[in-house]
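S.K.:
Residue numbers (the numbering used here): 1 to 207.
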């Protein structure tokens, strides 16, 4: 099945790239200018994804999949042997979904989105930064005795959280108080799929 991922460098769509590399799946990539909502040929991205957001995954039959949690699980389920997602219907799958929604709602949208929005006032950005410690404390406690979010197995939840932790310094935050999270981030960077995806996005950012 041919699939095209619409992305912007170092956006949350990086998690989908990590998942694709981790599972050995080939995706076609189409870069979006999120400021203008234009695709590479100058066309209007809204014509493809009415939300105007990334990631968006388009299948060979033109089926559109949006929202990181859905895109990540779809990629994972196409490669069940990768271990990126537990089987549907299991409690482990529920745990994965819980993590994906926590990362998406409590970290991505509540903390980082306001900080990176150029049209938001500084007071709103600083309030968002003030909420980070509570999230980092929770994550640190959960990762204190495990390698990855679900235990010993790297999953798409880790791919999503990786992006959040790579945004820490650009957002004006720090992991200095959270050595568990810094160690986790080091493990993430050392993983070939994560390092490879980061290198590819860095190359695209400078093209």
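Backbone N, C-alpha and C define an ideal beta-carbon position, used for all residues, glycine too. Predicted model only: the values in this text are computed from it and were never measured.
Can you give, in chain order, each stretch of the alpha helix (DSSP H) that sits fully within the region 112 to 148 and has at least 4 residues?
M.R.: Correct list: 113 to 116, 122 to 130, 132 to 143.
S.K.: Among the candidates 3, 65, 11, whose CA atom is the shortest distance from the CA of residue 161?
M.R.: One-based indexing of the chain shown puts residue 161 at position 161. With distances taken between Cα atoms, residue 161 lies closest to 11.
S.K.: Return yes when the Cβ of residue 55 is within less than 8 angstroms of the Cβ of residue 13, no when it is not.
M.R.: Numbered from 1 along the chain shown, position 13 holds the residue referred to as residue 13. Numbered from 1 along the chain shown, position 55 holds the residue referred to as residue 55. Yes. Within cutoff.
S.K.: State whether the region 118 to 130 contacts the region 149 to 161, with contact taken as three or more CB pairs (one from each stretch) at a distance under 8 angstroms.
M.R.: No: fewer than three Cβ pairs fall under 8 angstroms.
S.K.: Nearest-angstrom Cα distance between residue 114 and residue 128?
M.R.: Within the chain shown, numbered from 1, the residue matching residue 114 stands at position 114. Within the chain shown, numbered from 1, the residue matching residue 128 stands at position 128. So the two alpha carbons sit approximately 7 angstroms from each other.
S.K.: Just checking: is the beta-carbon of residue 82 within a distance shorter than 8 angstroms of some beta-carbon in chain B?
M.R.: No chain B appears in the structure shown, which is made up of a single protein chain.
S.K.: In angstroms with no decimal places, state the Cα-to-Cα distance between residue 194 and residue 71.
M.R.: As a working mapping, residue 194 is identified with position 194 in the chain shown. As a working mapping, residue 71 is identified with position 71 in the chain shown. For residue 194 and residue 71, the distance between alpha carbons rounds to 17 angstroms.
S.K.: For the beta strand (DSSP E) containing residue 56, list its first residue and its last residue.
M.R.: Your numbering for residue 56 matches position 56 in the chain shown. First-last of the beta strand (DSSP E) with residue 56: 56 to 59.
S.K.: Is the beta carbon of residue 34 sitting closer than 8 angstroms to the one on residue 8?
M.R.: On the chain shown, position 34 is the one that residue 34 refers to. On the chain shown, position 8 is the one that residue 8 refers to. Yes. Within cutoff.
S.K.: In angstroms with no decimal places, state the Cα-to-Cα distance between residue 178 and residue 135.
M.R.: In the chain shown, counting from the first residue as 1, residue 178 sits at position 178. In the chain shown, counting from the first residue as 1, residue 135 sits at position 135. Rounded to the nearest angstrom, the two C-alpha atoms are 11 angstroms apart.
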